[in-house]
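In what follows, a single structure is set out as structure tokens and then discussed.
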Amino acid sequence: MADAREKEALYALDLSGVEWTAAPDSDPANRVEIAYLPEGAVAMRNSADPDGPVLRYTAAEWRAFVLGARDGEFDI
0 MADAREKEAL YALDLSGVEW TAAPDSDPAN RVEIAYLPEG AVAMRNSADP DGPVLRYTAA
60 EWRAFVLGAR DGEFDI
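Residue numbers 0 to 75, in numbering that gives the first Met the number 0, belong to the letters of the sequence shown in order.
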């Protein structure tokens, strides 16, 4: 788990110049977009509300999520 200072620094980053990406065939009006941040961190937002909340994950948190998705941990 990320320590408080690491998360604080992550949320202090200015995201105004990041490049947001999404799955190529997803609906541009309502999709999850991610941006790669320094040191392997990732930001995530909903394209339907680009000025709304942005979730930010450390490299370790993002890696755990991706590996969990790959391994089927979130399958219904």
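Cβ atoms here follow ideal geometry from the backbone N, Cα and C, with glycine treated the same way.
Three-state secondary structure (DSSP) of A8: As a first step, residue 8 is located in the sequence shown; it is residue number 9 there, counting from the start. Residue state, collapsed to three classes: helix.
Mapping the DSSP letters down to three states, classify R44 as helix, strand or coil. Numbered from its first residue, the sequence shown carries residue 44 at position 45. R44 falls in the strand class under three-state DSSP.
Beta strand (DSSP E) runs contained entirely in the stretch 11-38, provided each spans 3 or more residues: Fully enclosed beta strand (DSSP E) runs of 3 or longer: 31-35.
Could you check where the alpha helix (DSSP H) with V65 kicks off and where it finishes? Position 66 of the sequence shown, counting from 1, holds the residue named residue 65. It spans 58-69 - the alpha helix (DSSP H) in which V65 sits, taken as one unbroken run.
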